[in-house]
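A.B. asks: Protein chains in written order, with the UniProt record's numbering: chain E, 1 to 257; chain P, 1 to 257.
C-beta atoms are modelled at their ideal positions from N, C-alpha and C, and glycine is treated no differently.
Predicted, not measured: the structure shown is a model, and the values here were computed from it.
Protein chains: 2
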Amino acid sequence: MHQPVNRNAMLYIDRPPERHRLVQKLQSITELTAEERQALLDLPMTVRSYTRGEDIVRGGGIPSECCLILDGFACRYKLLPDGRRQIMAFHTPGDLPDLQSLHIQTLDHSVGAMMPTLAAFIPHASMRTLTARFPGLMHAFWRDTLIDAAVFREWLIGIGRRDAHERIAHLICEMLLRFRGVELAPDNTFRMPATQGDIADALGLSNVHVNRVLQDLRRDKLITWGNYTVSVLKWDELQKRALFDATYLHQVSRAAA
Amino acid sequence: MHQPVNRNAMLYIDRPPERHRLVQKLQSITELTAEERQALLDLPMTVRSYTRGEDIVRGGGIPSECCLILDGFACRYKLLPDGRRQIMAFHTPGDLPDLQSLHIQTLDHSVGAMMPTLAAFIPHASMRTLTARFPGLMHAFWRDTLIDAAVFREWLIGIGRRDAHERIAHLICEMLLRFRGVELAPDNTFRMPATQGDIADALGLSNVHVNRVLQDLRRDKLITWGNYTVSVLKWDELQKRALFDATYLHQVSRAAA
DNA sequence: CGCACTTTTGATCGATGTCAAGTATGGTGG
DNA sequence: CCACCATACTTGACATCGATCAAAAGTGCG
Numbered sequence: 001m002h003q004p005v006n007r008n009a010m011l012y013i014d015r016p017p018e019r020h021r022l023v024q025k026l027q028s029i030t031e032l033t034a035e036e037r038q039a040l041l042d043l044p045m046t047v048r049s050y051t052r053g054e055d056i057v058r059g060g061g062i063p064s065e066c067c068l069i070l071d072g073f074a075c076r077y078k079l080l081p082d083g084r085r086q087i088m089a090f091h092t093p094g095d096l097p098d099l100q101s102l103h104i105q106t107l108d109h110s111v112g113a114m115m116p117t118l119a120a121f122i123p124h125a126s127m128r129t130l131t132a133r134f135p136g137l138m139h140a141f142w143r144d145t146l147i148d149a150a151v152f153r154e155w156l157i158g159i160g161r162r163d164a165h166e167r168i169a170h171l172i173c174e175m176l177l178r179f180r181g182v183e184l185a186p187d188n189t190f191r192m193p194a195t196q197g198d199i200a201d202a203l204g205l206s207n208v209h210v211n212r213v214l215q216d217l218r219r220d221k222l223i224t225w226g227n228y229t230v231s232v233l234k235w236d237e238l239q240k241r242a243l244f245d246a247t248y249l250h251q252v253s254r255a256a257a
Numbered sequence: 001m002h003q004p005v006n007r008n009a010m011l012y013i014d015r016p017p018e019r020h021r022l023v024q025k026l027q028s029i030t031e032l033t034a035e036e037r038q039a040l041l042d043l044p045m046t047v048r049s050y051t052r053g054e055d056i057v058r059g060g061g062i063p064s065e066c067c068l069i070l071d072g073f074a075c076r077y078k079l080l081p082d083g084r085r086q087i088m089a090f091h092t093p094g095d096l097p098d099l100q101s102l103h104i105q106t107l108d109h110s111v112g113a114m115m116p117t118l119a120a121f122i123p124h125a126s127m128r129t130l131t132a133r134f135p136g137l138m139h140a141f142w143r144d145t146l147i148d149a150a151v152f153r154e155w156l157i158g159i160g161r162r163d164a165h166e167r168i169a170h171l172i173c174e175m176l177l178r179f180r181g182v183e184l185a186p187d188n189t190f191r192m193p194a195t196q197g198d199i200a201d202a203l204g205l206s207n208v209h210v211n212r213v214l215q216d217l218r219r220d221k222l223i224t225w226g227n228y229t230v231s232v233l234k235w236d237e238l239q240k241r242a243l244f245d246a247t248y249l250h251q252v253s254r255a256a257a
């Protein structure tokens, strides 16, 4: 996350197959017409690949493109001057982590890859043309940024008023539902390519404490967590322990447990 | 904050004088044309007044109006089942705390008054007409929600990775700049109608600890805090202690200290 | 004047951080 | 295919920030 922004490894694919994830993601939070779906698939994009620790977008800059996660796993984070790191969001395929750059000049945080990740870049101009032509998509994007904010608020509650066990359980609940939204959580199992240190930086804890809490959750057979793969074994009890209420995700359809 | 939503005390004013605060607020984050300013002033709104502790908007509902703070002071908060409260934002005159309800059905948190507060309600339909007619205003509103999200992220960092002294100093820095944006902080002094318990719920601390930290800041002559009025005496040093960087507020013009 | 709320103070406790060492684990090059 | 290295995970001992509890002292308001 502290190395120079990706240099080589740049390949130009006009229509990467993972592109449909954007459609899928938007459909998980709103309704789309066939034309809108097609317009999304037709967006011009430049694709680059990143490895763990690389910055996909560097904070402080003035971006001229929006970034779309096609495959892999990314996070938004910010560093304090003395190196403390706060991860503010995890991003799964289909997410547009810096959509805000369309309307806010300087990016106030960075986006980093947490595993080998494929990211597409869409020129702001194309986004503006698209939203001008399809008001439905403009609303979809606006809605997406609003849900983004809702997730931040929920994290705020978590870090501010939940204890370590509740926080970690809550994060697992959230990730499970979000992965389900893009059909990446068959069998209540999903890839969670974050180290315990990453989780700690996301939840305002120390890596050591994250480790201990995870051991508790595993001992109680609520989850499995290993090899960057999480399985939720007892969804109801996990939700209860997390004080989890999915309203804030504002998903239009949510597969039942 | 736990009493029934305001019942009586409802007065219908077509053009309350405080209405210009909305223009002022939007101008602090974007440029407006004369027509856009006029259109904002012409918005139909119903005005109600609230006292400390009353809910202006109740979470869980499906609002059909947007709420605008005309005068006073409000906060957005959410309660955990066991009564723990997290305040997620403070709102000053000119703010639209539930603008998101335009695009997200159910409101996932509440808005409460922290002092006698005047709030105006603008029907969603009017907002939609307005934004359809003035794309510039649509962008202004979108931008506002994005800045909202940026502030949440900054709070996230604060609660997650700053210690109590940094958090409190940071909050004071933020409030000062935001009040300046609507010209409510002459002489680096502003009204902060929050009890120490409120501050604690906003920053993820206990009221006792907030008290002790405030005493430190006063002892060091960085601020004055009393009678719900805050004066910043040593802006530079306060910023330093808070590790404060105003970028995230995305204000277009920021009066110098 | 009294009540409700807030601020302040002191004493104690506990969740979580820090430090340090040891143990997997996976990738790389020889 | 193995040895090695870097990274991540695990464990234990100990430190500390901030929570909790309780009570006193202000403050404002009817």
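For residue 155/P, return the contacting residues in chain E, with the cut-off set at a CB-CB distance below 7 angstroms.
C.D. replies: 156
A.B. asks: Mind checking whether residue 52/P and residue 115/P have CB atoms under 8 angstroms apart?
C.D. replies: yes
A.B. asks: Determine, using beta-carbon pairs with one atom in the segment 124-134 of chain E and one in the segment 76-94 of chain E, whether at least three such pairs fall under 8 angstroms.
C.D. replies: no
A.B. asks: Report the residues of the segment 234-250 of chain P with a CB closer than 7 angstroms to any CB of chain E, ordered along the chain.
C.D. replies: 243, 247, 248, 250
A.B. asks: Can residue 31/E and residue 70/E be called in contact, C-beta distance under 8 angstroms?
C.D. replies: no
A.B. asks: Kindly list, in the order they appear in chain E, the residues whose Cβ is closer than 8 angstroms to that of residue 81/P.
C.D. replies: 243
A.B. asks: For residue 146/P, which residues in chain E fall below 7 angstroms Cβ to Cβ?
C.D. replies: 100, 103, 104, 145
A.B. asks: DSSP has residue 111/E in a bridge; who is on the other side?
C.D. replies: 57/E, 76/E
A.B. asks: Write down every uninterrupted run of the alpha helix (DSSP H) in the UniProt domain "HTH crp-type" (162-236) of chain E whose length is 4 residues or greater and which is fully enclosed by it, in chain order.
C.D. replies: Listed in chain order, the complete alpha helix (DSSP H) runs (minimum 4 residues) inside the UniProt domain "HTH crp-type" (162-236) of chain E are 164-181, 196-203, 207-219.
A.B. asks: When you compare the CB of residue 91/P with every CB in chain E, is at least one pair closer than 8 angstroms?
C.D. replies: no
A.B. asks: Is the CB-CB distance between residue 105/E and residue 173/E below 8 angstroms?
C.D. replies: Not in contact: residue 105/E and residue 173/E (Cβ atoms no closer than 8 angstroms).
A.B. asks: Under 8 angstroms between C-beta atoms, does residue 71/P make it to chain E?
C.D. replies: no
A.B. asks: By how many angstroms is the C-alpha of residue 85/E removed from the C-alpha of residue 233/P?
C.D. replies: 30 angstroms
A.B. asks: In terms of alpha-carbon separation, which member of 250/E, 108/E, 112/E lies closest to residue 198/E?
C.D. replies: 112/E
A.B. asks: Just mark residue 74/E as buried or exposed, buried being the case when its beta carbon has 16 or more other beta carbons within 10 Å.
C.D. replies: In the assembly as shown, residue 74/E is a buried residue. Its beta-carbon has 16 or more other beta-carbons within 10 Å.
A.B. asks: Across the segment 148-161 of chain E and the segment 144-162 of chain P, are there enough close Cβ pairs to call them in contact, namely three or more that are closer than 8 angstroms?
C.D. replies: yes
A.B. asks: Grab the span of the beta strand (DSSP E) containing residue 65/P for me, first residue to last.
C.D. replies: 65-71
A.B. asks: Anything in chain P within Cβ reach of residue 86/E, meaning under 8 angstroms, just list it in chain order.
C.D. replies: 156, 157, 160, 161
A.B. asks: Going by DSSP in three states, residue 100/E sits in which element: helix, strand or coil?
C.D. replies: helix
A.B. asks: Any Cβ of chain E within less than 8 angstroms of the Cβ of residue 169/P?
C.D. replies: no
A.B. asks: By Cβ distance below 8 angstroms, which residues in the same chain neighbour residue 121/E in space, the five residues on each side in sequence not counted?
C.D. replies: 45, 46, 47, 48, 65, 66, 67, 68
A.B. asks: Where does residue 32/E fall in DSSP's three states?
C.D. replies: coil
A.B. asks: Could you spell out the range, first to last residue, of the alpha helix (DSSP H) harbouring residue 91/E?
C.D. replies: Where residue 91/E is concerned, there is no enclosing alpha helix (DSSP H), although the beta strand (DSSP E) it sits in stretches over 85-91.
A.B. asks: Between the alpha carbons of residue 249/E and residue 221/P, how many angstroms are there, rounded?
C.D. replies: The straight-line gap from Cα to Cα measures roughly 44 angstroms.
A.B. asks: Do the CB positions of residue 142/P and residue 165/E come within less than 8 angstroms of each other?
C.D. replies: no
A.B. asks: By how many angstroms is the C-alpha of residue 42/E removed from the C-alpha of residue 191/E?
C.D. replies: 29 angstroms
A.B. asks: Less than 8 angstroms between CB atoms is the rule here; does residue 108/P satisfy it with respect to chain E?
C.D. replies: yes
A.B. asks: Within 10 angstroms of the Cβ of residue 208/P, are there 16 or more other Cβ atoms? Answer buried if so, exposed if not.
C.D. replies: exposed
A.B. asks: Starting from residue 246/E, trace the alpha helix (DSSP H) in both directions and tell me its first and last residue.
C.D. replies: Note, residue 246/E: premise wrong, no alpha helix (DSSP H); not H, not E.
A.B. asks: Please classify residue 158/E as buried or exposed, where buried requires at least 16 neighbouring CB atoms within 10 angstroms.
C.D. replies: buried
A.B. asks: Between the segment 132-143 of chain P and chain E, which residues of the former have CB atoms less than 7 angstroms from a CB of the latter, in chain order?
C.D. replies: 139, 142, 143
A.B. asks: Count the other C-beta atoms from every protein chain shown that fall within 10 angstroms of the C-beta of residue 204/E, then say buried if there are 16 or more, exposed otherwise.
C.D. replies: Burial call: buried.
A.B. asks: If you draw a straight line from the alpha carbon of residue 58/E to that of residue 23/P, how long is it in whole angstroms?
C.D. replies: 33 angstroms
A.B. asks: Rounded to whole angstroms, what is the Cα-Cα separation between residue 213/E and residue 29/E?
C.D. replies: 32 angstroms
A.B. asks: Start and end of the alpha helix (DSSP H) containing residue 129/P?
C.D. replies: 124-133
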